[in-house]
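Peer 1: Take this structure first; my questions come after.
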Amino acid sequence: MVDLPLGTWIVLALVDEAPTHGFAVAALTAEGAEIGRVWQIPRPLVYRSIDRLIELDLVTVESTEAGARGPRRSIVATTADGAAAAAGWLDRPVTHVRDMRSELLVKIALRMRRGLSLGPLASAQRAVLTDVHAALDHQRAASTGFGRVLLSWRLENAEAALRFLEDIE
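With the numbering used here applied, the sequence shown closes on residue 158, and no number is skipped along the way.
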């Protein structure tokens, strides 16, 4: 499994939907846009991510076309490895409660764009969080002072996340 930053995973998943160009991906990840409401990726980072994905042979330049008002643009598409990586990432639950606001929500948005069921991801995420919740509860019982306060906060967040998953499952 390749290790990519969240923004690069998002670019890969969007390119995997259909051949596209960087400007179209940047439009989807701009502030207030469909994916940008969850995770914004500035246009220069979209193009850097595409370049990195090309280096990793996860994306390839399929063709070029005239831009509407600028230079020619490259149409990129995922390779077989890129498609497999994107599908695996979209199915993989996050490991930390703190990543639910970013990574999990963006995976949900991307799965919904593809018409994929949320159930399998929600179930896998629930299994991970159930273990996290149990560990936090055990740690809190043995803690005092601010450590206990912090663990109580984390435990409450894990419980809220589990309720959220139940709701979308």
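Heads up, the beta-carbon is just placed ideally off N, CA and C, and yes, glycines get one too.
#1: Which of the three DSSP states is assigned to T(-3) in this structure?
#2: Could you have a look at V27 and say whether DSSP puts it in helix, strand or coil?
#3: Is it buried or exposed for L139, if we count other Cβ within 10 angstroms and need 16 for buried?
#4: Contact check, T(-3) vs L3 under 8 Å by CB: the rounded distance?
#5: Rounded to whole angstroms, what is the Cα-Cα separation between E23 and L17?
#6: Based on the DSSP secondary-structure assignment, which residues constitute the bridge partners of E64?
#7: If I'm right that L118 touches K96 with Cβ under 8 Å, what's the distance once you round it to whole angstroms?
Peer 2: Once the coordinates are examined:
#1: T(-3): helix per DSSP, three-state reduction.
#2: V27 sits in coil when the DSSP states are folded into three classes, being neither helix nor strand.
#3: L139 comes out exposed.
#4: That belief does not hold up - the Cβ atoms of T(-3) and L3 are roughly 11 Å apart, past 8 Å.
#5: 6 Å
#6: According to the sequence as given, residue 64 is Ile; it is not Glu. According to DSSP, which records beta bridges pairwise, I64 is partnered with S52.
#7: No, L118 and K96 are not in contact; Cβ-Cβ is about 14 Å, not under 8 Å.
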